[in-house]
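The numbering of the sequence shown is the working numbering, which starts it at 2 and goes up by one.
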Amino acid sequence: TPAPAAPAPVQVPAPAQPSAQQALDTARQLAEQNGYGQQFQQLVNTNPQLVDALR
2 TPAPAAPAPV QVPAPAQPSA QQALDTARQL AEQNGYGQQF QQLVNTNPQL VDALR
């Protein structure tokens, strides 16, 4: 059975900065526009700590 997901940490949004999710979405869009969508997805899949660091 899969381990239960850890509760998400409470986030205090910094007003002037885009959220990590927005940053990730923007990076994904840029990657896809330049033909690197697959590589980007692979990077995300193989480096979950990278995504966690952004959250």
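From the three backbone atoms N, C-alpha and C, an ideal C-beta is built for every residue, glycine too.
Since the model is a prediction, treat every value here as computed from it, not as a measurement.
Determine the DSSP secondary structure at Gly-38, reduced to helix, strand or coil.
-> Residue numbering aside, residue 38 sits at position 37 when the sequence shown is read from its first letter. Looking at Gly-38 - three-state DSSP - the assignment turns out to be helix.
Compute the beta-carbon to beta-carbon distance between Leu-77 and Val-52, rounded to the nearest angstrom, for a pair I have assumed lies under 8 Å.
-> Any question about residue 77 goes unanswered here, given that the chain covers just 2 to 56.
Straight-line CA distance for Asn-35 to Gln-50?
-> As a first step, residue 35 is located in the sequence shown; it is residue number 34 there, counting from the start. As a first step, residue 50 is located in the sequence shown; it is residue number 49 there, counting from the start. Taking the straight line joining both Cα atoms gives about 24 Å.
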